[in-house]
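Engineer:
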Amino acid sequence: MLRINSIFLKQMRLRSRSFKFVFGIMIYNLILLIISMFIFEMKFNININDNIDYAASQDIYNIMIVLETLMVLIMVPFFTAASIASEREKQTLDLILSTGINSYTIVLGKLLESLSLLILYVLSSLPVISIIFTIGGISILNIIQFIFEIIVSSIFIGSMGILSSCIFKKVISATICSYVTIVVVSIFTVGIVLITYMYIRFFGLNIQDLNLNWIAFVIMLNPVIDIIHAVSGDSFFIGSLNTQIINMIDSADIMKYWELISISMRIIISIIILCISAHLLSPVKNKDRLRRSRK
Amino acid sequence: MLRIDNISKSYSGFSALKDINIEIEEGSIFGLMGENGAGKTTLMKITSGLLMPDKGNIYFYDENIYANINSYQKNIGYMPDFFGVYDNIKVIEYMLFFAGIYGIYDKKADKRCIELLELFGMKDIMQEYVDTLSKGMKQKLCLLRSVIHSPKLLILDEPCSGMDTSSRIMVKQFLSELAMDGTSVIISSHIITDLSDLCTSIGVLDQNQMVINGSMDEIMKSINEKDPIYINICEEKQRAIKILKENRFVNSISIDDMLLMINFNGTKNDEADLLTSLIKSGVKIQSFDRKKGNLEKVFLHIKDNA
Ligand SMILES: Nc1ncnc2c1ncn2[C@@H]1O[C@H](COP(=O)(O)OP(=O)(O)OP(=O)(O)O)[C@@H](O)[C@H]1O
Ligand SMILES: [Mg+2]
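Protein chains in written order, with the working numbering: chain A, 1 to 295; chain B, 1 to 306.
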């Protein structure tokens, strides 16, 4: 564990020294601020005597969630895809691999590094987000839930980024690959559900006769829907279509433990992907080791 | 301590190494020589566990390194033939970072890193950024980095290529001290004279094969044996030939007017005895000359044989 620290502390120090990083945080918060002020103006441009519309603050909160979700979708692949490929490009990967450090440690260190960057972004945006608190309607619990959900999604998306970082030698190809993967996974999972939905509609099938619980698992894997669903409830973003899709799932248990299932599923998949990454990273493979030592 | 056993490696059909065998003793310095593209870097990467050979094994204290590569790697220091630069990192941070990876922290790490930097007179620049250093400085830093954890085996790929003369001497001094303390060193170079005074044994790679491999003394002797002695005489040619024929170390004699060329496989002492007996018998000698063997000749021999 200490070894992870040393990999990841160094990167943090390097990062915080770089102009790009500070600039990035500034721009991000500026955008967030402008948008929230804009919405604030629109929603609350009212007389002192009017009643305050608490639903409006829920709306701002929802928009913030979409923004932060977009940030995870954009930043995490960017950080993670560069993590290992950039060491390869700078030729520092061999130095690290020759120290006898476990490749699982490297992969974990890189993931932690990207996550901590992301958390820095999220934390830095809290003051802006807390504007909403001045109106009320959002509980601290919402915020904690939101941050937790962001972390799980980042691990999920980050593991895909790390995997492409291990596969590709160039940062640019790794970055493109991880974005493409996320787009494909998002479209594919939504696509399957929509096609099923339309199929049922078209042939006028009775939902009750079919076992459509698998749809839940497909939806849970969608990086976009899941964050939004988890934090803001069913009615947001996909609107009534979302509700109808959710209606196809008739297992009460799945609905009840949605969060738990979704989180465990994504964590397990992340772990599998990270293990594959570590395996790809190590120049001397377990398989070879066994074959050789048996000789 | 280290036995490289029948290693072969090819890159998509192109054979970079073929059936390489090397044995390295504790505290010895093994010089790996070869021209560009001979396969030195490939062999070094395999030895440091960064590349998987297609065939063969490596044993470290009789244990197959592939049984637990990570624990083997903790015992070695590897310096590649390039310098990996992190942006925005200071010399001392660079050292401390690797100390951390090797599990050395805090005060102990500070002490060790500064101690090492002082060795090469680099303490003054420890607050400078690594990417602003000159090539030779980077190489020295890279070498220091590879010994932070006092490895039992040091693998150095062309460590001196960018260094000035005084740095080279400093590095050589440093390496022989390490070897004296029991560290084994594998060092590669394509500059032959670089290694001749440092190594205890050498191996020469020529197009993926090991053509010469052995201890420095043996190899020097074999070179010397192959070198003829040239004797220029003024008088008493027949007597000289008679004496040469009687000497048991002389294998063959060729005569070109007053120049006698003999193949001689004795030691330096035998050589001196031969000269004495010639002079004692009254042969007038103008010159008695044996070209000293050196490692450069090793290459010439290889080229001749090929
Ligand atoms: N990754 C690779 N893919 C394909 N061929 C390679 C690769 N690495 C090395 N080679 C080839 O293997 C041969 C040996 O290369 P290597 O780098 O080991 O030589 P070297 O002795 O270190 O040369 P130099 O003195 O230039 O450093 C070369 O012909 C090279 O072209
Ligand atoms: Mg090389």
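Cβ coordinates follow ideal geometry from the N, Cα and C atoms, glycine included.
#1: Using a Cβ cut-off of 8 angstroms (strictly closer), state whether asparagine 6 of chain B contacts chain A.
#2: Is the CB-CB distance between valine 218 of chain A and threonine 175 of chain A below 8 angstroms?
#3: With a threshold of 7 angstroms, establish whether the CB of asparagine 213 of chain B neighbours any heavy atom of ligand 1.
#4: Using the C-alpha atoms, what's the distance from alanine 67 of chain B back to isoleucine 58 of chain B?
#5: Please return the same chain residues whose Cβ sits closer than 6 angstroms to the Cβ of isoleucine 231 of chain B, not counting the five positions on each side in sequence.
#6: Taking 7 angstroms as the cut-off, is the beta-carbon of lysine 18 of chain B closer than that to any non-hydrogen atom of ligand 1?
#7: Measuring only between beta-carbons, confirm whether asparagine 102 of chain A sits less than 8 angstroms from chain B.
#8: Spatial neighbours of asparagine 26 of chain B within its chain, please: CB distance less than 7 angstroms, with the 5 preceding and 5 following residues excluded, ordered by chain position.
#9: How would you list, in chain order, the residues of chain B whose beta-carbon sits under 7 angstroms from the beta-carbon of threonine 92 of chain A?
#10: Select from the segment 52-71 of chain B all residues with a C-beta closer than 9 angstroms to any C-beta belonging to chain A, and list them in chain order.
#11: Quick check for students: name the residue ranges of the alpha helix (DSSP H) that lie wholly in the segment 102-134 of chain A, counting only runs of 4 or more.
#12: For methionine 1 of chain A and chain B, any beta-carbon pair shorter than 8 angstroms?
#13: Within its chain, find whatever has a CB closer than 7 angstroms to the CB of glutamine 139 of chain B; leave out the 5 residues flanking it on each side and keep chain order.
#14: Whole-angstrom Cβ separation of methionine 33 of chain B and aspartate 157 of chain B, contact assumed at under 8 angstroms?
#15: If the cut is a Cβ gap below 7 angstroms, which residues of chain A does lysine 74 of chain B touch?
#16: Per DSSP, which residues does glutamine 208 of chain A bridge with? Please list them.
#17: When you measure from the CB of threonine 41 of chain B to every non-hydrogen atom of ligand 2, does any distance come out below 7 angstroms?
#18: Using DSSP with H/G/I as helix, E/B as strand and the rest coil, what is phenylalanine 236 of chain A?
#19: If you run the structure through DSSP and keep just helix, strand and coil, what is valine 66 of chain A?
#20: Out of curiosity, what's the CA-to-CA distance linking asparagine 222 of chain A and valine 185 of chain A?
#21: Name the two residues that bound the continuous beta strand (DSSP E) containing tyrosine 72 of chain B.
#22: How long is the line joining the alpha carbons of serine 48 of chain B and glutamate 23 of chain B, rounded to whole angstroms?
#23: Is the beta carbon of proline 151 of chain B less than 8 angstroms from the beta carbon of asparagine 75 of chain B?
#24: Could you compute how far the alpha carbon of glycine 158 of chain A sits from the alpha carbon of glycine 56 of chain B?
#25: Short of 7 angstroms in beta carbon distance, which residues of its chain neighbour isoleucine 276 of chain A, apart from the five on each side in sequence? Order them along the chain.
#26: Return the residue from the list B/Gly37, B/Leu154, B/Val283 that minimises the CA-CA distance to threonine 99 of chain A.
#27: What's the gap between the Cα of valine 180 of chain A and the Cα of arginine 145 of chain B?
#28: Measuring straight from C-alpha to C-alpha, what distance separates valine 140 of chain A and phenylalanine 146 of chain A?
#29: For a contact defined as C-beta to C-beta under 8 angstroms, what are the partners of isoleucine 273 of chain A on chain B?
#30: Which residues, taken in chain order from the segment 17-51 of chain B, show a beta carbon closer than 7 angstroms to some beta carbon of chain A?
#31: Name the DSSP beta bridge partners of valine 389 of chain B, please?
#32: So, for serine 251 of chain A: in the same chain, excluding its five sequence neighbours on each side, which residues have a beta-carbon less than 8 angstroms away from its beta-carbon?
#33: Which residues does DSSP pair with isoleucine 187 of chain B in a beta bridge?
#34: Please list the partners that leucine 108 of chain A has in chain B, where partner means a Cβ-to-Cβ separation under 8 angstroms.
#35: Within 8 angstroms (strictly less), CB to CB, does isoleucine 187 of chain B reach chain A?
#36: Mapping the DSSP letters down to three states, classify glutamine 286 of chain B as helix, strand or coil.
Structural biologist: The short version:
#1: no
#2: no
#3: no
#4: 10 angstroms
#5: Leu260, Phe288
#6: no
#7: yes
#8: Going by the sequence as given, residue 26 of chain B is glutamate instead of asparagine. Taken in chain order, the residues that qualify are Met1, Gly182, Ser184.
#9: Gly84, Tyr86
#10: Met52, Asn57, Asn64, Ile65, Tyr66, Ala67, Asn68, Ile69, Asn70, Ser71
#11: 103-129
#12: Reliability fails at methionine 1 of chain A, whose pLDDT of 47 lies under 50, so the model's placement of it is uncertain and the value that follows must be treated cautiously. Not an interface residue.
#13: Phe83, Pro159, Gly162, Met163
#14: That belief does not hold up - the Cβ atoms of methionine 33 of chain B and aspartate 157 of chain B are roughly 12 angstroms apart, past 8 angstroms.
#15: Gly100
#16: For glutamine 208 of chain A, which the question treats as bridged, DSSP gives no partner whatsoever.
#17: yes
#18: With a pLDDT of 41 at phenylalanine 236 of chain A, under the threshold of 50, the modelled position of this residue cannot be trusted; read the value that follows with caution. Reduced to three states, the DSSP call for phenylalanine 236 of chain A is coil.
#19: helix
#20: 7 angstroms
#21: Per DSSP, tyrosine 72 of chain B belongs to no beta strand (DSSP E); it is in the alpha helix (DSSP H), 69-73.
#22: 15 angstroms
#23: yes
#24: 38 angstroms
#25: Leu163
#26: B/Leu154
#27: 39 angstroms
#28: This sequence places isoleucine at residue 140 of chain A; valine is not what is there. Looking at the two C-alpha atoms, the distance is approximately 10 angstroms.
#29: The premise fails here: isoleucine 273 of chain A is roughly 22 angstroms from chain B at the closest Cβ pair, so nothing lies under 8 angstroms.
#30: Ser48, Gly49, Leu50, Leu51
#31: The question about residue 389 of chain B has no answer here: the residues shown for chain B are numbered 1 through 306.
#32: Asn213, Ala216
#33: B/Gly31, B/Leu156
#34: Correct list: empty, because the minimum Cβ distance to chain B is about 14 angstroms.
#35: no
#36: strand
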